[in-house]
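> What follows is a single structure, and I will ask about it in a moment.
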Amino acid sequence: MRAFVHEGLPSRVVFGPGALERLPDEVRRLGLRRALVLSTPGQRPLAEEVGRRLGEASAGIFAGAAMHVPVEVAERARRAAAESEADGCVAVGGGSTIGLGKAIALTSSLPVVAVPTTYSGSEMTPIYGLTEGGVKRTGRDARVLPRAVIYDPALSRALPAKVAGASGMNAIAHCVEALYAREASPIVLLLAEEGIRALATALRRIAAAPEDLEARAEALYGGWLGGTCLGAVGMALHHKLCHTLGGSFDLPHAETHAVVLPYAAAYNAPAAPAAMATVARALGAVDAPEGLRDLARRAGAPASLAEIGLPESALERAATLATENPYWNPRPVEREAILALLKNAHAGRPPAP
Ligand code: NAD
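Plus 5 on top of the position in the sequence shown (first one is 1) and you've got our numbering.
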């Protein structure tokens, strides 16, 4: 019989083409008078446009966001926020920029408005991450959860199709792991299945026609659902592997997720048959791991860990790091089986249970 605990996080989402025009209203609604606009160096032009839209409500631009939020970057951004007397931040970009907004909020409680331009889903979670000396530390804190999120599909159109493919697989990974999460509730299961369906449809269309705004909107919608799942339940083996590979071997975040997901799903398939049936149904595939691999390929995402720069000599250490601390997973996490998984993923072989 059904039994579950569900805790919804507070969120305000403004979604649709032209949603960026609503940003000044959203900032005002939160009572902010001077918001610091955050971006990566590459997205500075977009940050400048956002600053212009904010007018007097802009406290300036900090365009120094970097992958995995290095503590030095967080410190510089915190100083910029204090020196500009900002009373909030607007993070415009992917998970790295939103992560920087969270790092500022963590020590100052300044409210964050997120304008996501990838499908990382970070904007929907109270999870933050900071990297120091090559080690990434993550935590949960209600203060870092963005107070408003503006999803404008036109902004994600600049994301190259291949990068969109990898980012979309990252979002699908949140949905897949939510389906077999220990805390999964009926609402989360619905969100996860719909997220996979939306992202799979969108990624196939973006690969064929990168300018297709409707497909970009569908992917952003899937990214939102994936982020909501990530914020609601704990993740398992797949995220642990990607966290280890990204943090210890400096692999790119979304691409690592895209490569590992079919293998993590295959590993967990015998222990999570209902979740796999849902994944297959949402993908329109016969087999979930094979369907995920096929989608990643069609979306132009990399197909092996070798392709994204992991040397074969790193596999033993990666298997040790990913299994040294116990964590929940539907199937027991055993080092030799994880090493076999990593070897398959390294070579890009078909995923095997
Ligand atoms: P990212 O934010 O690092 O972006 C990758 C690159 O793409 C950057 O150079 C960025 O400027 C550029 N970019 C982003 N959007 C663009 C667009 N629309 N057009 C052109 N270029 C664009 O990548 P990501 O995958 O979104 O985020 C990865 C980071 O987010 C990792 O550090 C990961 O750990 C973190 N993350 C955190 C959470 C969470 O809940 N805390 C969830 C997911 C990811």
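Note that the Cβ used here is the ideal one computed from N, Cα and C, for glycine as well.
With distances taken Cα to Cα, identify the nearest neighbour of Glu216 among Gln48, Ala280, Pro158, Arg340.
Sequence index remark: in the sequence shown, residue 216 carries index 211 (1-based). If we check each option's Cα against that of Glu216, Pro158 comes out closest.
> In this structure, how does DSSP classify Ala189 when only helix, strand and coil are distinguished?
Start at 1 with the first residue of the sequence shown, and residue 189 comes out as number 184. Residue state, collapsed to three classes: coil.
> Which one of Ala70, Ala205, Tyr268 has the shortest CA to CA distance from Ala345?
In the sequence shown, residue 345 corresponds to position 340, counting from 1. For the residues Ala70, Ala205, Tyr268, the minimum Cα distance to Ala345 belongs to Tyr268.
> Taking the beta strand (DSSP E) that Tyr332 falls in, what are its first and last residues?
Within the sequence shown, numbered from 1, the residue matching residue 332 stands at position 327. Tyr332 -> no beta strand (DSSP E), and no H or E assigned at all.
> Within 10 angstroms of its Cβ, does Tyr332 collect 16 or more other Cβ (buried), or is it exposed?
By 1-based counting over the sequence shown, the position of residue 332 is 327. Exposed, by the Cβ-count rule.
> In whole angstroms, give me the CA-to-CA distance for Ala285 and Ser253.
Reading the sequence shown from its first residue, position 280 is the one you call residue 285. Reading the sequence shown from its first residue, position 248 is the one you call residue 253. Approximately 32 Å between the Cα atoms of the pair.
> Suppose you measure from the CA of His244 to the CA of Leu14; what does that come to, to the nearest Å?
In the sequence shown, counting from the first residue as 1, residue 244 sits at position 239. In the sequence shown, counting from the first residue as 1, residue 14 sits at position 9. Whole-angstrom Cα-Cα distance: 21 Å.
> Mark Ala282 as exposed unless 16 or more other C-beta atoms lie within 10 angstroms of its C-beta, in which case mark it buried.
Mapped onto the sequence shown, residue 282 falls at position 277. Classification of Ala282: exposed, given that the 10 Å Cβ count is below 16.
> Give the range of the beta strand (DSSP E) segment to which Glu128 is assigned.
Taking the first residue of the sequence shown as 1, we reach residue 128 at position 123. Unbroken run through Glu128: none, as it is neither H nor E.
> Rounded to the nearest angstrom, what separates Arg354 and Pro294 at their Cα positions?
Looking up residue 354 in the sequence shown gives position 349. Looking up residue 294 in the sequence shown gives position 289. Roughly 12 Å separates the two Cα atoms.
> Alpha carbon to alpha carbon, what distance is there between Ser63 and Gly47?
Locating residue 47 in the sequence shown gives position 42, counting from the first residue. Locating residue 63 in the sequence shown gives position 58, counting from the first residue. For Gly47 and Ser63, the distance between alpha carbons rounds to 20 Å.
> Rounded to whole angstroms, what is the Cα-Cα separation between Glu61 and Gly23?
Locating residue 61 in the sequence shown gives position 56, counting from the first residue. Locating residue 23 in the sequence shown gives position 18, counting from the first residue. For Glu61 and Gly23, the distance between alpha carbons rounds to 21 Å.
> Count the other CB atoms, across all protein chains shown, that sit within 10 Å of the CB of Ser172; report buried if there are 16 or more and exposed otherwise.
Start at 1 with the first residue of the sequence shown, and residue 172 comes out as number 167. It counts as buried.
> I'd like to confirm something about Met6: is its beta-carbon nearer than 6 Å to some heavy atom of the ligand NAD, or not?
To locate residue 6, count along the sequence shown from 1; it is residue 1. For the ligand NAD, not one heavy atom lies less than 6 Å from the Cβ of Met6.
> In three-state DSSP terms, what is Ser63?
If you number the sequence shown from 1, residue 63 lands on position 58. Reduced to three states, the DSSP call for Ser63 is strand.
> Confirm, please, whether the CB-CB distance from Val76 to Glu361 is below 7 Å.
Since the first residue shown for the chain is 6 and the last is 358, residue 361 is missing from the structure and cannot be characterised.
> Going by C-alpha to C-alpha distance, which of Ser114, Leu105, Arg187, Ser113 sits closest to Pro121?
What you label residue 121 is simply residue 116 of the sequence shown in a count that begins at 1. Here the closest residue by C-alpha is Leu105.
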